[in-house]
Amino acid sequence: MHGDLHLKISIIIAVYNRKDELQELLYSLINQTDKNFEIVIVDDGSEDKLEPIVSSYTEKLDIKYFYKNNSGAGLSRNYGAKYTSGNYFIFLDSDCIAPVHYIKNVRKELNINYVDAFGGADSADKNFTDLQKAISYSMTSLLTTGGIRGNKKVINKFQPRSFNMGISKEAFESVGGFSELRVGEDPDLSLTLWEKGYNTRFFPECKVYHKRRTSLKKFANQVYHFGIARPILNQRHPNYSKVTFWLPSLFLIFTILSLLLSLLNYRFILPLLLYCFSIIMDSGYKNKSIKVGILSLISTFTQFFSYGLGFLHSYIKLNIFNIEPKKAFPSHYY
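For the sequence shown, UniProt numbering begins at 1 and goes up steadily by one.
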């Protein structure tokens with residue numbers, strides 16, 4: 001399977017509504033310099049009428065469309081995998097845009113150094129809104145997440161995420177695809193692959209433009225549930241639990257203490273203010289906008305506080321009160 005002649009790529013896109021974003025993604029796939037791939041669209045019970053949009057691309061793309069009752073992204077991806085003809089799957093979120101050389105770079109990486117599964121980075125396109133750029137910064141910056149979501153200099157063993165993830169058909173079927181988790185199903189799959197002896201790798205040239213959430217409220221809710229998912233994943237994969245998963249919760253506590261202690265002495269808040277200044281300056285410089293820099297500070301605190309609260313909520317229920325994950329958070333399971 002290491003040669004180009006034996007590599008057949010199937011792109012699987014699970015989508016719920018988001019018709020405008022799906023159209024942008026499909027348009028970006030039309031413009032790929034390497035056009036040797038198929039697309040499987042799984043409509044997860046959308047209220048939007050997506051089939052006419054997909055049909056408008058059938059003459060320019062090798063594309064299949066399936067409608068099913070709503071079951072969530074993970075199980076919809078599993079459903080789509082059954083109807084592929086390829087031997088290597090790529091999962092893309094419907095709110096992503098693929099640069100023109102995306103497929104070409106994936107194929108090049110796999111031919112040079114084949115791997116069972118890979119992940120790529122995400123970033124903000126220049127046409128994204130200021131808030132989308134800010135959220136992208138807070139999710140990917142070295143100052144916020146340590147760059148673990150797409151900085152090859154800091155990644156030792158990369159966990160692919162389903163917004164931009166590739167996996168061989170053999171590996172995918174061997175581990176049973178995505179699990180019954182509604183949130184955190186992609187790191188769960190990555191960790192299961194490791195436990196089964198499969199290898200993963202970061203593909204630095206295979207990034208996508210990821211729109212993420214369009215409001216701080218939606219972003220906060222999403223990240224809060226990410227925080228809840230982490231202690232669940234720690235129970236499922238205890239060998240991969242890390243102290244660093246506590247950092248957002250510790251930052252939340254640090255912020256509260258800094259504010260309280262500053263009432264006694266202003267010096268206690270100086271480290272926090274220095275960090276805030278660094279975020280604004282770094283993001284403002286990278287995005288060439290002080291407005292995006294300020295929004296990045298807001299989105300960073302939203303991210304840390306929401307994730308930290310979700311993590312603490314989940315940890316207390318699972319590890320202090322010893323409640324079974326499915327009973328503690330039934331909405332996190334299909």
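Each residue gets a CB set at the ideal place from its N, CA and C atoms; glycine is no exception. Quantities reported herein were computed from a predicted structural model and do not represent experimental measurements.
Contiguous beta strand (DSSP E) elements confined to the stretch 22-56 occur at 37-44, taking only those with 3 or more residues. Taking a contact as a CB-CB distance under 8 Å, the pair Asp122 and Lys207 counts as one, their CB atoms being some 6 Å apart. For Val54 against Ile12, the beta-carbon gap comes to about 14 Å, at or over 8 Å, which does not count as contact. In this structure the stretch 198-215 does not touch the stretch 269-281; the number of beta carbon pairs closer than 8 Å is below three. Inter-residue distance for Glu173 and Tyr79 is about 12 Å (C-alpha atoms, whole angstroms).
Taking 9 Å as the cut-off, the Cβ atoms of Asp93 and Phe163 count as close.
Between the stretch 131-144 and the stretch 53-73, the count of C-beta pairs closer than 8 Å stays below three; the two stretches do not touch. For Val15, the secondary structure class from DSSP, reduced to helix, strand or coil, is strand. Straight-line spacing of the CA atoms in Asp48 and Ile97 works out to 20 Å.
In this structure, the alpha-carbon of Phe202 lies about 8 Å from that of Pro160.
The stretch 95-115 makes no contact with the stretch 175-185: fewer than 3 CB pairs, one atom from each, lie closer than 8 Å. Listed as beta-bridge partners of Val208 by DSSP are Asp122. For Thr200, the secondary structure class from DSSP, reduced to helix, strand or coil, is strand.
For Lys68, the uninterrupted beta strand (DSSP E) segment begins and ends at 63-68. Taking a C-beta distance under 9 Å as the contact criterion, Ala220 and Phe329 do not qualify as a contact pair. When the Cα atoms are used, Thr302 and Val223 turn out to be separated by approximately 9 Å. Beta-bridge partners of Phe89 (DSSP): Ser10, Ile167.
In the three-state DSSP reduction, Ala117 falls in the strand class (E or B). Along the length of the stretch 215-246, whole beta strand (DSSP E) runs at least 3 residues long do not occur. In the three-state DSSP reduction, Leu143 falls in the coil class, being neither helix nor strand. With fewer than 16 other beta carbons inside 10 angstroms of its own, Lys60 counts as exposed. Out of Asn239, Asp125, Glu24, Asp34, the CA that lies nearest to the CA of Leu191 is found in Asn239.
Only buried fits His210, as 16 or more other CB atoms lie within 10 angstroms of its CB. Here the alpha carbons of Pro325 and Leu259 stand approximately 34 Å from one another. With 16 or more neighbouring CB atoms inside 10 Å of its own CB, Ile167 falls in the buried class. If you ignore the 5 residues before and after Leu295, its C-beta comes within less than 7 Å of the C-beta of Asp130, Leu131, Ala134, all in its own chain and listed in chain order.
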